[in-house]
Amino acid sequence: MKALIAYFSRAGENYVNGKICHLETGNTEIAANIIQQQTGADLFHLEPLVPYAETYSRCIAEAKDDQKRDARPELRQYPEHLEEYDTIYLGYPNYWGTMPMVVFTFLESYDFSGKTIYPFCTHEGSGMGKSEADIQRLCPGAKIAKGLPIHGANVKEEKQKIIEWINRR
């Protein structure tokens, strides 16, 4: 059984515990690295060809506009041999109640039939939103496991929660 951790994460200006802070590493990337340490799975950072704005307020405005337009932003690169993976850990921050649209691009670029997707989401109070339903809609042939919502501001302290979620598979 081979596993991949595909995740979108954004460092820089972010909303954390009610205020804007600068993050050297995005919260979802921290969670992805914890999963990688525990599972040995391959890591793949989903990066849009055109990055979101540096400032948080512009970033969320762009993300909301992408969602309104049902955009599919192009990825900088795509995983080459996705067929060799049967387990996908899919990580993302909650943007406007679901995944960033770049994650939609990734999911629509491959056939996930027969694979199990384990979604994990960082958020500042909105949990998984409707992302699990969106993943199921985009990947009808895949098994979608119960997702793990992680409060972004506490991601480093959530290591045990992440390990317990991994071990429930």
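In our numbering, the protein residues as written are 11 to 179.
Every residue, glycine too, gets a C-beta built ideally from N, C-alpha and C.
Computed from a prediction, not measured in an experiment: that's the story for all the values here.
State the Cα-Cα distance for the pair residue i and residue j, rounded to the nearest angstrom.
i: Ala-21; j: Gly-36; result: 4 Å
i: Ile-44; j: Ile-172; result: 8 Å
i: Gln-77; j: Pro-83; result: 10 Å
i: Ala-163; j: Tyr-25; result: 9 Å
i: Cys-131; j: Met-11; result: 23 Å
i: Glu-174; j: Tyr-62; result: 32 Å
i: Thr-108; j: Phe-54; result: 20 Å
i: Tyr-88; j: Pro-103; result: 19 Å
i: Cys-69; j: Glu-34; result: 16 Å
i: Gly-137; j: Trp-106; result: 11 Å
i: Ser-119; j: Glu-90; result: 11 Å
i: Leu-56; j: Phe-114; result: 11 Å
Could you check how far apart the C-beta atoms of residue i and residue j are, in whole angstroms? I think they sit under 8 Å.
i: Tyr-66; j: Ile-40; result: With 8 Å as the limit, Tyr-66 and Ile-40 do not qualify as a contact, their Cβ atoms being about 18 Å apart.
i: Arg-179; j: Ala-143; result: Not quite, the Cβ-Cβ distance comes to about 21 Å (not below 8 Å), so this is no contact.
i: Leu-100; j: Ile-145; result: 7 Å
i: Phe-122; j: Ala-152; result: 4 Å
i: Ala-73; j: Pro-110; result: 6 Å
i: Val-112; j: Pro-159; result: In fact, because the Cβ distance is near 20 Å, the residues do not count as touching under 8 Å.
i: Gln-48; j: Ile-127; result: In fact, because the Cβ distance is near 17 Å, the residues do not count as touching under 8 Å.
What does a CB cutoff of less than 6 Å around residue i pick up in its chain, not counting 5 residues either side in sequence?
i: Glu-64; result: Gly-22
i: Tyr-17; result: Thr-38, Ala-42, Gly-101
i: Glu-94; result: Lys-12
Going by DSSP, what residues sit across from residue i in a beta bridge?
i: Ala-16; result: Phe-54, Leu-100
i: Ile-45; result: None; Ile-45 has no bridge partner.
i: Cys-31; result: Asn-24
i: Leu-85; result: Pro-58
i: Thr-132; result: Pro-103, Ile-160
i: Ile-127; result: Ile-98, Ile-154
i: Thr-115; result: According to DSSP, which records beta bridges pairwise, Thr-115 is partnered with nothing at all.
i: Thr-108; result: Tyr-105
Just checking: is the beta-carbon of residue i within a distance shorter than 8 Å of some beta-carbon in chain D?
i: His-91; result: This model lacks chain D altogether; it includes just one protein chain.
Grab me the residues of residue i's own chain with a C-beta within less than 8 Å of its C-beta, minus the 5 sequence neighbours each way, in chain order.
i: Gly-124; result: Asp-96, Gly-151, Ala-152
i: Lys-140; result: Gly-107, Thr-108
I'd like the list of long-range same chain contacts for residue i, defined as Cβ closer than 7 Å, with 5 residues on each side in sequence excluded.
i: Ala-51; result: Ala-13, Leu-14, Ile-15, Ile-45, Tyr-99
State yes or no: is the C-beta of residue i nearer than 7 Å to some heavy atom of the ligand COA?
i: Glu-39; result: Annotation note on the ligand COA: not contained in the displayed structure, which lists no ligands.
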